[in-house]
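*Asks:* Each residue of the sequence shown is one higher than the last, beginning at 180 in my numbering.
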Amino acid sequence: MKMNFDERTAYEKMKAGVLTSSGFLGQDTRPLTDIIEADEELFKALGLDFDQVADRLEALARKGAEGLGEPITVEDRYLVKSDEARGKLPCPFGDGLYHKNSVSVQRDQDEIIYSDLSVHLLRVHHFCQGQGSPFRLDPVVLKRILY
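Here you go:
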């Protein structure tokens, strides 16, 4: 699908070395609209809701922050570690600045890593990040970890 001007602008900002060293796309070369559309379809097929998943990730991040940088067990099933950094990251879509942080959540053999910006991108833009991105919120992995 063809990208409009705003999507092209956001896509350029998502490339490695522009807003972050690794960027938001990983090795994914698909147009932004195709990445988002594929993840929206997968969310639907898995019975996931973007707002509910974002709420759950925010709740786990809050609990993880109680560990003060050390991994802690949450709800007897998650190992959560929250790291804080100074500064803020801009949303590539141009709608805000987000606290720099990194939250890892492990359950069994699965792990996701995300930030406040990742949750915003998921909730507002339905952008899970590209295949191979270190902060990708893969819908299949989200389903296994969260539900």
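Yeah, the Cβ is synthetic: ideal placement off N, Cα and C, and Gly gets one too.
For clarity, every value in this text was computed on a predicted model and none was experimentally measured.
(1) By how many angstroms is the C-alpha of K260 removed from the C-alpha of L325?
(2) Counting only the same chain and skipping the five closest in sequence on each side, list residues whose C-beta sits under 6 Å from that of L190.
(3) Which same chain residues, not among the five before or five after D230, have their C-beta less than 7 Å away from its C-beta?
(4) From what residue to what residue does the alpha helix (DSSP H) around R286 run?
(5) Which ranges does the alpha helix (DSSP H) cover as unbroken runs of at least 4 residues, wholly within the stretch 209-252, from first to last along the chain?
(6) If you follow the beta strand (DSSP E) that P269 is in, where does it begin and where does it stop?
(7) Helix, strand or coil, according to DSSP, for D289 in the structure here?
(8) Roughly how many angstroms lie between the CA atoms of P250 and R256, to the nearest whole one?
(9) Measuring only the C-alpha atoms, how far is A233 from L227?
(10) Would you mind giving the Cβ-Cβ distance between Q285 and L247, rounded to the nearest angstrom? I have them listed as a contact below 8 Å.
(11) Write down the C-beta distance between S312 and S200 rounded to the nearest angstrom, noting that I regard them as a contact closer than 8 Å.
(12) Please classify F222 as buried or exposed, where buried requires at least 16 other C-beta atoms within 10 Å of its C-beta.
(13) Does the Cβ of R315 have 16 or more other Cβ atoms within 10 Å, making it buried, or fewer, making it exposed?
*Replies:* Walking through what the data contain:
(1) Distance between the alpha carbons of L325 and K260 is about 16 Å.
(2) Strictly speaking, residue 190 in this sequence is Tyr, with Leu absent from that position. So the list reads L211, once near-sequence residues are dropped.
(3) Here the set comprises R302.
(4) Note, R286: premise wrong, no alpha helix (DSSP H); beta strand (DSSP E) at 276-286.
(5) Counting only runs that start and end inside the stretch 209-252, the alpha helix (DSSP H) elements of at least 4 residues fall at 211-225, 229-244.
(6) It spans 257-269 - the beta strand (DSSP E) in which P269 sits, taken as one unbroken run.
(7) When secondary structure is reduced to three states using DSSP, D289 falls in the strand class.
(8) Those two C-alpha atoms are separated by around 13 Å.
(9) When rounded, the distance between both Cα atoms is 10 Å.
(10) That belief does not hold up - the Cβ atoms of Q285 and L247 are roughly 18 Å apart, past 8 Å.
(11) Rounded to whole angstroms, the Cβ separation of S312 and S200 is 12 Å, and the two are not in contact under 8 Å.
(12) Label assigned to F222: buried.
(13) Around the beta carbon of R315, 16 or more other beta carbons lie within 10 angstroms, which makes this residue buried.
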